[in-house]
Amino acid sequence: MITNKKIAITGDSSGIGKSISDYYKNTNDCIGFSLETHNLAIKETYDTAIDIIKDCDIFINNAYDRTYRMLQADLLYDVFKLWQHDPTKAILTIGSTAKYYNRPSLDWIQYQISKQAIETLVDKFQICNHKCGLIIVDPYFVRTRMYEKYLQENPSFIAKSVLETDEITTHINYLLELYFDHEINIYRSEIRKKCNY
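Be aware that the sequence shown starts at 39, since it is given in our numbering, and climbs by one per residue.
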């Protein structure tokens, strides 16, 4: 388990972010950013968050914000600019395999575009000769508020393939251990549940 690190986590009040925060909070210094505590759509709050994150060891870029749809991409870009030459730092961004699924909904299209943007940034950053850890984790369906909303559309398929937030957290810890303990950076990881349909 990762220990004695300063970890910034967006979306730490629920879902994947809360699971990650709960997992690390007793052995690390966790700093959470949620809509309840920091509205990153406000420039001053965003700038303050970047100032806090720059002094951390790990940045978990988790939260999708429906009001600031490109928040994850902007955070990824700004933190990468600060950390790209520092091998003691790691950025782990939560993407989604949902970017591959089309639905006739403008909200869904915005979500897809946001997740595609962070994937494109991670891909492009690979040519920057960076030294920091840079990882994108693409989970399949995860039991979060968004999951509950889409469960009604295809209940049997989604219910069989759903991942729990603690499964994502365990996987994230494994990837971070590979980076910090063994200097292995797996820059993309997709997580799915093995199912027999």
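Quick reminder that beta carbons are idealized off the backbone N, C-alpha and C, glycines included. Fair warning: this is a prediction, and the values are worked out from it, not measured in the lab.
Quick check on DSSP: helix, strand or coil for Tyr235? Caution applies to Tyr235, whose pLDDT of 45 falls short of 50 and renders its modelled position unreliable; the model cannot decide the point.
Looking at the unbroken alpha helix (DSSP H) that takes in Asp50, where does it start and where does it end? Where Asp50 is concerned, there is no enclosing alpha helix (DSSP H), given that its DSSP letter is neither H nor E.
Could you give the uninterrupted runs of the beta strand (DSSP E) lying entirely in the stretch 50-125, keeping only those of 3 residues or more? 67-71, 96-99
So the candidates are Ile58, Tyr61, Lys162, Leu109; which of them puts its Cα closest to the Cα of Tyr149? Leu109
Using a 10 Å radius around the Cβ and a threshold of 16 neighbouring Cβ atoms, would you call His168 buried or exposed? buried
Less than 7 angstroms between C-beta atoms, sequence neighbours within five positions excluded: which residues of the same chain meet that for Glu74? Ser51
Are at least three pairs of beta-carbons, each pair with one atom in the stretch 131-147 and one in the stretch 86-96, less than 8 angstroms apart? no
Which two residues bound the contiguous beta strand (DSSP E) that contains Glu157? Here Glu157 belongs to no beta strand (DSSP E); instead the alpha helix (DSSP H) covers 144-163.
Through-space distance from Ala46 to Phe71, alpha-carbon basis: 8 angstroms
Could you tell me how far apart the beta carbons of Ala101 and Thr48 are, in whole angstroms, since I believe they sit closer than 8 angstroms? 4 angstroms
Quick one: is Ser59 buried, meaning 16 or more other Cβ sit within 10 Å of its Cβ, or exposed? buried
Under 7 angstroms Cβ to Cβ from Thr83, same chain only, skipping five residues before and after it: list those, please. His76, Asn77
Measure the C-alpha to C-alpha separation of Ile224 and Gln154 and round it to an integer number of angstroms. 19 angstroms
Nearest-angstrom Cα separation, counted from Ile88 out to Asp176: 24 angstroms
Mapping the DSSP letters down to three states, classify Thr25 as helix, strand or coil. With the chain covering 39 to 235 only, the question about residue 25 has no answer from this structure.
If you check the beta carbons only, do Arg107 and Ser143 fall under 9 angstroms apart? no
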